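Accompanying notes for the structure given below.
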Amino acid sequence: MKYLVIVESPTKVKTIKKFLGSNYEVQASNGHVRDLPKSQLGIDIENDFEPKYITIRGKGEKLAELRKAAKKVDKVLLATDPDREGEAISWHLSKALKLDESKMERITFNEITQSAVKNSLKHPRDIDMNLVDAQQARRTLDRMVGYGISPLLWKKIKRGLSAGRVQSVTLRIICDREEEINSFVPEEYWTLDAILNITGEKRPLIAKFYGDEKGKINITNKQQMDTIMEELENPEFKVAGIKHGERSKTSPLPFTTSTLQQEASKGLNFSTQKTMRIAQQLYEGIDVKKKGTIGLISYLRTDSTRISDEADLALKEYITNTHGKEYVLKTRTKKENGSKIQDAHEAIRPTNVDLTPAVVKDDLSRDQFRLYQLIWRRAVASRMQNAKYETTSIKLNANRYIFKVSASKLVFDGFTAVYVEEDDEKEGSNVLLNKIKDTTEFSLAEMDAKQHFTQPPAHFTESALVKALEELGVGRPSTYAPTIGTIIARRYVAKENKNLYVTELGEAVNSIMLTAFPAVVDPTFTANMESLLDMVEEGKVKWKSVISNFYPDLDLALKEAEEKLEKILIEDEITDTVCELCGSNMVVKYGPHGKFLACPKFPECRNTKPYFEKTGIECPKCGKEVVIRKTKKGRKYFGCENNPECDFMSWQKPLEVKCRKCGSYMIEKGEKAVCSNETCGHSEKIKITKQN
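Numbering-wise, UniProt numbering puts 7 at position 7 of the sequence shown, and it's gapless, one number per residue.
Encoded structure:
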């Protein structure tokens with residue numbers, strides 16, 4: 001028999017061809033071949049929400065080529081990716097090529113290796129319509145939200161903006177964090193360390209203040225610290241207790257899509273999109289010397305931490321041979337996932353553990369090598385024993401107060417022999433602590449009292465945002481990277497030094513979405529929708545029922561928004577800035593980066609200028625006016641109108657009032673005015689007039 005195997009990617013063609021005999025022809029569809037039309041909604045609302053699929057522009061020639069090849073064979077094997085998207089592509093191919101069901105079969109493999117591909121040929125199946133319908137439901141929901149709300153944003157703000165079902169929720173999550181940071185009021189606290197000398201030891205012992213016999217004492221101001229310091233004048237430090245113990249650090253689970261994106265962001269400084277692009281290359285196939293083209297990792301879009309029995313055995317065998325049998329993990333407690341796991345997939349792992357990063361290094365680019373090394377090490381570590389530590393904790397009495405010091409010593413490295421997570425803290429040494437006895441005498445070198453202020457929540461990084469989306473159940477492994485990429489490309493969010501900041505444009509879009517479409521930007525609502533899509537995949541819910549329940553509320557919200565929602569810019573705002581080219585008063589416009597000044601006589605006069613919104617506040621440095629400026633990437637800040645002569649800038653809005661404690665200027669933080677001098681910490685509740 002003659003077979004035609006259809007995959008998505010030309011790279012896969014090259015890899016798979018090497019595994020199959022001469023009676024197998026392998027061709028690529030180059031991704032999707034059919035989709036909803038770009039020029040219209042493409043969903044027949046009156047006819048039970050039936051989607052109208054058309055051939056994607058430019059794919060006609062490819063389909064003709066595939067039809068011709070299909071006529072020459074006895075069977076067509078649809079071998080697209082093993083997920084909803086892949087299942088949908090196979091279904092669209094079957095329709096576009098008008099394949100007879102008796103002539104068509106679906107095959108899937110979790111890794112592109114000879115054994116996996118050949119094994120898939122032994123287990124062909126029909127197209128899974130539950131998976132297809134789950135994808136159709138997602139595509140239809142996204143289209144209705146995007147094509148319904150985006151035109152509204154064009155009318156209210158500017159053309160070219162877009163709203164998306166998952167994208168809008170993600171923007172809201174970032175905006176909420178920004179608001180939390182801007183409203184955060186620091187609280188003062190103090191720490192106290194006793195630096196002690198021990199007879200015969202060169203290194204001092206640093207003991208941390210704990211409290212007294214009644215329990216822990218939190219030092220919240222200088223007066224409290226001064227009182228404690230007075231009571232600790234000429235203290236006598238004595239050992240009150242020595243405690244030895246053990247603890248272990250659990251070996252990590254192998255990577256899911258989310259955890260891979262997080263670790264690659266933290267450890268390799270990769271964006272989510274870069275991580276997925278390189279992982280796709282490793283999955284589809286790399287030309288390895290003496291082995292030909294081979295997929296180095298298993299399928300990259302997964303939220304399962306399971307590994308096949310065969311791979312598990314190979315990993316444990318490698319660990320036994322390389323490190324010794326005492327390093328092999330016997331059993332692992334299963335991790336319960338809060339959301340549904342696509343357990344047909346495995347975790348992301350190397351397809352052949354013997355292809356170590358060192359073996360394939362010369363065949364990979366620098367970035368491919370770094371990501372493969374991360375995946376390989378994590379998979380091996382997941383089958384290794386926990387790291388074990390010996391701990392020592394010492395309690396010291398000083399007058400009526402208690403100080404504590406503790407440290408740990410690694411006694412069995414376990415999985416840390418191959419893998420250490422990027423944000424793992426380095427362990428302190430307990431060599432000095434082991435020398436301390438109940439009778440050890442100490443002499444005080446100095447007391448180190450330090451003032452601190454609590455810090456606001458950190459801005460989201462891509463890594464932290466992926467983690468938040470996963471925890472909230474918003475989106476799925478395949479959606480994280482494109483969603484984050486879209487909001488950055490649309491300039492709703494700016495990325496600076498790994499951190500994500502909301503731009504003026506992003507604030508405007510989020511404001512409209514919150515006002516007119518609260519359900520669409522509600523993380524709980526979106527997470528529930530994901531659960532419904534999972535139920536469609538399981539065959540428990542009909543996909544059109546999900547659409548028919550969602551659409552009426554969206555339609556009503558759209559009609560109300562059209563009628564009632566006040567435009568952000570009903571008409572151009574005229575300013576007192578005069579165009580030096582034609583003498584007209586310039587007007588405020590919205591652009592990709594937010595507001596700017598433009599000549600109203602466009603296109604005859606094309607003069608534009610940056611727009612600096614005035615605050616009416618005097619610059620604390622030079623006395624001129626403070627205006628709202630933007631960084632190159634669109635992040636808002638407050639600066640002097642006399643820039644660059646005056647370099648005043650503040651991320652928070654400065655206020656006219658001065659600090660009663662130190663005289664510095666105050667800044668707006670939610671309902672409070674807070675001193676801009678971080679070492680002062682003074683704040684007071686005042687009436688703040690919010691500007692629209």
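Quick reminder that beta carbons are idealized off the backbone N, C-alpha and C, glycines included. Just so it is clear, the structure is predicted and the values come from calculations on it, not from any experiment.
Within the continuous beta strand (DSSP E) that includes residue i, where are the two ends?
| i | result |
| --- | --- |
| arginine 247 | 237-249 |
| proline 523 | No beta strand (DSSP E) contains proline 523, which is instead part of the alpha helix (DSSP H) from 523-537. |
| glutamate 357 | In the sequence on display, residue 357 carries proline and not glutamate. Proline 357 -> not in any beta strand (DSSP E); alpha helix (DSSP H) instead, spanning 357-360. |
| glutamate 641 | Taken as a continuous stretch (DSSP letters only), glutamate 641 belongs to no beta strand (DSSP E), as it is neither H nor E. |
| serine 406 | 401-412 |
| isoleucine 228 | Careful: isoleucine 228 lies outside any beta strand (DSSP E), inside the alpha helix (DSSP H) at 222-231. |
| residue 693 | Outside the displayed span of the chain (1 to 692) sits residue 693, for which this structure offers no information. |
| valine 431 | Element bounds for valine 431: not the beta strand (DSSP E) but the alpha helix (DSSP H), 431-434. |
| alanine 417 | First-last for alanine 417: undefined, no H or E at that position. |
| alanine 445 | 442-453 |
| lysine 330 | Run containing lysine 330: none; DSSP gives neither H nor E here. |
| asparagine 352 | Segment: none, asparagine 352 is in no beta strand (DSSP E) and carries neither H nor E. |
| leucine 655 | 654-658 |
Excluding sequence positions up to five away, which residues of its chain have a Cβ less than 7 Å from the Cβ of residue i?
| i | result |
| --- | --- |
| arginine 106 | Leu78, Ser90, Pro124, Arg125, Asp126, Ile127 |
| isoleucine 570 | Model confidence at isoleucine 570 stands at a pLDDT of 42, short of 50, so the residue's coordinates are unreliable; what they give is reported in the following sentence. Taken in chain order, the list of residues that qualify is empty. |
| leucine 432 | Glu201, Arg203, Leu205 |
| isoleucine 341 | Note on isoleucine 341: pLDDT 42, under 50, position unreliable in the model; no value is reported. |
| isoleucine 319 | Tyr327, Val328, Val380, Arg383, Met384 |
| proline 51 | Leu36, Gly42, Ile43, Gln136, Thr140 |
| phenylalanine 612 | Val627, Ile628, Arg629, Glu641 |
| lysine 59 | Val33 |
| phenylalanine 19 | Gln114, Val117, Lys118 |
Does the beta-carbon distance from residue i to residue j come in below 9 Å?
| i | j | result |
| --- | --- | --- |
| lysine 467 | lysine 243 | no |
| glutamine 280 | leucine 300 | yes |
| threonine 526 | leucine 500 | no |
| leucine 597 | lysine 609 | yes |
| glycine 42 | tyrosine 53 | yes |
| lysine 2 | valine 33 | no |
| asparagine 510 | serine 168 | yes |
| isoleucine 487 | glycine 506 | yes |
| serine 29 | valine 7 | yes |
| proline 654 | valine 626 | yes |
| proline 457 | glutamate 678 | no |
| leucine 355 | valine 288 | yes |
| threonine 275 | leucine 364 | no |
| leucine 253 | aspartate 367 | no |
| serine 183 | glycine 681 | no |
| tryptophan 190 | glutamine 451 | yes |
For residue i, which residues from the same chain have a beta carbon less than 8 Å from its beta carbon, with the 5 sequence-adjacent residues on both sides left out?
| i | result |
| --- | --- |
| phenylalanine 237 | Ala194, Leu196, Ala207, Leu396, Asn397, Ala398, Phe403, Phe442, Leu444 |
| aspartate 343 | Low confidence applies to aspartate 343: its pLDDT is 44, below 50, so where it sits in the model is not reliable, and the reading given next is rough at best. So the list reads Ser304, Arg306, once near-sequence residues are dropped. |
| isoleucine 688 | Legend: pLDDT at isoleucine 688 = 49, less than 50; position of this residue unreliable, no value from coordinates given. |
| cysteine 605 | Cys579, Leu581, Cys582, Ser584, Cys599 |
| histidine 459 | Arg177, Glu178, Ile181, Asn499, Leu500, Tyr501 |
From which residue to which residue does the alpha helix (DSSP H) around residue i run?
| i | result |
| --- | --- |
| glycine 485 | 480-489 |
| leucine 153 | 129-156 |
| glutamine 281 | 272-284 |
| leucine 171 | 165-183 |
| methionine 513 | 504-516 |
| glycine 267 | 257-268 |
| alanine 494 | Careful: alanine 494 lies outside any alpha helix (DSSP H), inside the beta strand (DSSP E) at 493-496. |
| lysine 467 | 462-472 |
| asparagine 677 | Premise fails: asparagine 677 is in no alpha helix (DSSP H) and is neither H nor E. |
| tyrosine 372 | 366-381 |
| glutamate 121 | Glutamate is not the amino acid found at residue 121; the sequence shown has leucine there. Counting along the chain, the alpha helix (DSSP H) containing leucine 121 begins and ends at 114-121. |
Kindly give me the distance between the Cβ atoms of residue i and residue j, rounded to whole angstroms, as I take these residues to be in contact under 8 Å.
| i | j | result |
| --- | --- | --- |
| serine 9 | glutamate 284 | 6 Å |
| aspartate 133 | valine 536 | 5 Å |
| arginine 377 | isoleucine 297 | The Cβ separation is near 13 Å, so there is no contact. |
| isoleucine 617 | glutamate 668 | Their Cβ separation, rounded to whole angstroms, is 10 Å, which puts isoleucine 617 and glutamate 668 out of contact at 8 Å. |
| asparagine 434 | threonine 392 | 6 Å |
| threonine 170 | valine 474 | 7 Å |
| glutamine 652 | serine 463 | With a Cβ gap of about 26 Å, glutamine 652 and serine 463 do not count as contacting. |
| glutamate 504 | lysine 636 | 6 Å |
Tell me which residues share the same chain as residue i and place their Cβ nearer than 6 Å to its Cβ, disregarding the 5 neighbours each side in the sequence.
| i | result |
| --- | --- |
| glycine 86 | Thr80 |
| lysine 14 | Thr293 |
| threonine 575 | Met586 |
| asparagine 337 | Its pLDDT being 45, under 50, asparagine 337 is placed unreliably in this model, and the coordinates cannot settle the point. |
| serine 414 | Checking the displayed sequence, the identity of residue 414 turns out to be glycine instead of serine. Met384, Gln385, Asn386, Ala387, listed in sequence order. |
| tyrosine 147 | Leu41 |
Check your understanding: Considering only residues of the UniProt domain "Toprim" (2-112), which uninterrupted alpha helix (DSSP H) runs meet the minimum length of 4 residues and lie entirely inside it, listed in chain order?
Key -> Listed in chain order, they are 10-17, 60-71, 84-96.
Point to revise | Ranges of the beta strand (DSSP E) found wholly within the region 188-218, counting only runs of at least 3 | key: Entirely contained in the region 188-218, the beta strand (DSSP E) runs reaching 3 residues are, in chain order, 188-198, 205-212.
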